[in-house]
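Heads up: the structure comes next, in structure tokens.
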Amino acid sequence: MFDVIIIGGGLAGLSSAIHLSKYGFKVLLIEKNSYPKHKVCGEYISNEVLPYLEFLGIDVFQLGAQKINKFELSTPKNKLLKSDLSLGGFGISRYTLDNALYEKVRSCHVKTVKDSVMDVQFLNDGFSVATKNNNTFKSKIVIGAYGKRSALDVSLQRKFIKEKSPFLAVKTHVKGDFPNDLVALHNFKGGYCGVSKVENDTINLCYITDFEAFKAYKDIDAFQEQVVFKNTYLKSIFKNAAPVFEKPLTISQVSFSNKRPIENHIIMCGDTAGMIHPLCGNGMSMAIRSAQMASQLIIEYLQGKIPSRYTLEKAYQKSWNNAFGTRLKVGHVVAKLFSKNQLAEVLLTVLNRFPALLPKIIKQTHGKPMVIK
Ligand SMILES: Cc1cc2nc3c(=O)[nH]c(=O)nc-3n(C[C@H](O)[C@H](O)[C@H](O)COP(=O)(O)OP(=O)(O)OC[C@H]3O[C@@H](n4cnc5c(N)ncnc54)[C@H](O)[C@@H]3O)c2cc1C
Numbered sequence: 001m002f003d004v005i006i007i008g009g010g011l012a013g014l015s016s017a018i019h020l021s022k023y024g025f026k027v028l029l030i031e032k033n034s035y036p037k038h039k040v041c042g043e044y045i046s047n048e049v050l051p052y053l054e055f056l057g058i059d060v061f062q063l064g065a066q067k068i069n070k071f072e073l074s075t076p077k078n079k080l081l082k083s084d085l086s087l088g089g090f091g092i093s094r095y096t097l098d099n100a101l102y103e104k105v106r107s108c109h110v111k112t113v114k115d116s117v118m119d120v121q122f123l124n125d126g127f128s129v130a131t132k133n134n135n136t137f138k139s140k141i142v143i144g145a146y147g148k149r150s151a152l153d154v155s156l157q158r159k160f161i162k163e164k165s166p167f168l169a170v171k172t173h174v175k176g177d178f179p180n181d182l183v184a185l186h187n188f189k190g191g192y193c194g195v196s197k198v199e200n201d202t203i204n205l206c207y208i209t210d211f212e213a214f215k216a217y218k219d220i221d222a223f224q225e226q227v228v229f230k231n232t233y234l235k236s237i238f239k240n241a242a243p244v245f246e247k248p249l250t251i252s253q254v255s256f257s258n259k260r261p262i263e264n265h266i267i268m269c270g271d272t273a274g275m276i277h278p279l280c281g282n283g284m285s286m287a288i289r290s291a292q293m294a295s296q297l298i299i300e301y302l303q304g305k306i307p308s309r310y311t312l313e314k315a316y317q318k319s320w321n322n323a324f325g326t327r328l329k330v331g332h333v334v335a336k337l338f339s340k341n342q343l344a345e346v347l348l349t350v351l352n353r354f355p356a357l358l359p360k361i362i363k364q365t366h367g368k369p370m371v372i373k
């Protein structure tokens, strides 16, 4: 019997495993993949998570993270806007960051199992978690931190899984010339591409596009040549860089539909609870922040300071909505505006004329630096 079983060892799952183990609870982390592993992600993280990563025992700058405090935005018609990032962030690959958190998890005596969770049952105030390798584990609490989409969402009959997931994303690492302190968001017809440096002087290129825009082309190369490179900033970056990966990584069926932070008494964290549009560059800090939020409440519940599961669930739902409700809504609106090419051009003209507006929008999609209690 575990105190807590965590399903999924991405940023949310690994962070909560370390946090809970610091309080002496018996934690099991089940992750279907091994570490280290590259993931499709823009790899720009807001500085808001730095105090919490320090609490977890992770120094990203020792791992080679690049400090980033400048932002550039271009439209499909190559209009460019530049701005400073007041809070700023850093660039680090998921290969390095997730692995560093995993190593920390292992040093904290959390039990880790490489397996895929297939089913979760809640019965008699406890959980039974069944895996693909026919293991069954029991716990008082389950955290769902299995990312944006999993077969588990089908078995839990989550509503969003039946809705359309029309986006696909492509990511690669390259070597080339790009400022260390800059994150750029270059738009093209039907999508946008994030560009920023990570450790080892490597540039991360990661774009997301509507499947409808993509499917008319034979492959990634054709799509890039005929659509992505209409943005001349992207053309110059891609054409003047040397690939590090043999071939790009891709994911499909990316959805930004609303989800619920509690499902069948499982406390959902990170993308499993809700996903912000990547153009906001805030999904990773939301995952890490939700892990802190869930861990703090679970600790109080297991210590008897929160009197019932019902109160725990209500408290988590409320904190989650307070922290992320506005960010998600603003993220949806901004993404919608940029998906309409003409509107994107108008928006950039407005932002150029009123430069104070952009930092305000960025602030709405980000949080304040995390507080350690
Ligand atoms: C194209 C794109 C670009 C992005 N760019 C940025 C960016 O620049 N900045 C930013 O802050 N955010 C960005 N994001 C968002 C960010 O990647 C996510 O918000 C973040 O990875 C969420 O972390 P997580 O821990 O919730 O999930 P994940 O990191 O996805 O981890 C989930 C884990 O669960 C495991 N898993 C899944 N199912 C099971 C199962 N059944 N059993 C066991 N294990 C399971 C998976 O293998 C995985 O390791 C981007 C997202 C996309 C799609």
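My numbering applies: residue 1 is where the sequence shown begins, and numbers increase by one.
Every residue, glycine too, gets a C-beta built ideally from N, C-alpha and C.
Just so you know, these numbers come straight off a predicted model, no measurement behind them.
Could you name the residues that DSSP lists as bridge partners for residue i?
i, result
"residue 174", "203 and 243"
"residue 44", "91"
"residue 257", "In DSSP, residue 257 forms no bridge with anything."
"residue 197", "203"
"residue 249", "171"
"residue 346", "Note: residue 346 sits in no beta bridge, so no partner."
"residue 160", "According to DSSP, residue 160 bridges with nothing at all."
"residue 144", "7 and 268"
Return yes when the Cβ of residue j is within less than 8 Å of the Cβ of residue i, no when it is not.
i, j, result
"residue 50", "residue 100", "no"
"residue 213", "residue 227", "yes"
"residue 173", "residue 245", "yes"
"residue 107", "residue 56", "no"
"residue 183", "residue 92", "no"
"residue 166", "residue 211", "yes"
"residue 18", "residue 111", "no"
"residue 296", "residue 52", "no"
"residue 77", "residue 345", "yes"
"residue 158", "residue 259", "yes"
"residue 234", "residue 265", "no"
"residue 288", "residue 168", "no"
Of the choices the options, whose alpha-carbon is the least far from that of residue i?
i, options, result
"residue 322", "365, 309, 346 and 303", "365"
"residue 194", "25, 126, 277 and 337", "277"
"residue 146", "308, 6, 154 and 357", "6"
"residue 374", "325, 371, 354 and 268", "Because the chain is modelled from 1 through 373, residue 374 falls outside the range shown and cannot be assessed."
"residue 348", "217, 29, 81 and 86", "81"
"residue 2", "20, 169 and 328", "20"
"residue 30", "114, 59, 87 and 264", "114"
"residue 230", "44, 357 and 79", "79"
"residue 45", "131, 94 and 119", "94"
"residue 357", "372, 334, 341 and 65", "334"
"residue 330", "362, 340, 236 and 313", "362"
Here's the rule I'm using: 16 or more other beta-carbon atoms within 10 Å means buried, otherwise exposed. How should residue i be labelled?
i, result
"residue 122", "exposed"
"residue 275", "buried"
"residue 354", "exposed"
"residue 196", "buried"
"residue 219", "exposed"
"residue 61", "exposed"
"residue 85", "buried"
"residue 303", "exposed"
"residue 201", "exposed"
"residue 47", "buried"
"residue 96", "buried"
Provide the residue span of the beta strand (DSSP E) that contains residue i, from first to last.
i, result
"residue 186", "182-188"
"residue 7", "2-7"
"residue 66", "66-74"
"residue 123", "117-123"
"residue 126", "126-131"
Just to confirm, does residue i get its C-beta within under 7 Å of one of the non-hydrogen atoms of ligand 3?
i, result
"residue 284", "This structure simply doesn't include ligand 3; it includes ligand 1 instead."
For residue i, report the span of its alpha helix (DSSP H) as first-last.
i, result
"residue 322", "309-339"
"residue 361", "357-364"
"residue 220", "220-226"
"residue 63", "Element bounds for residue 63: n/a, residue is neither H nor E."
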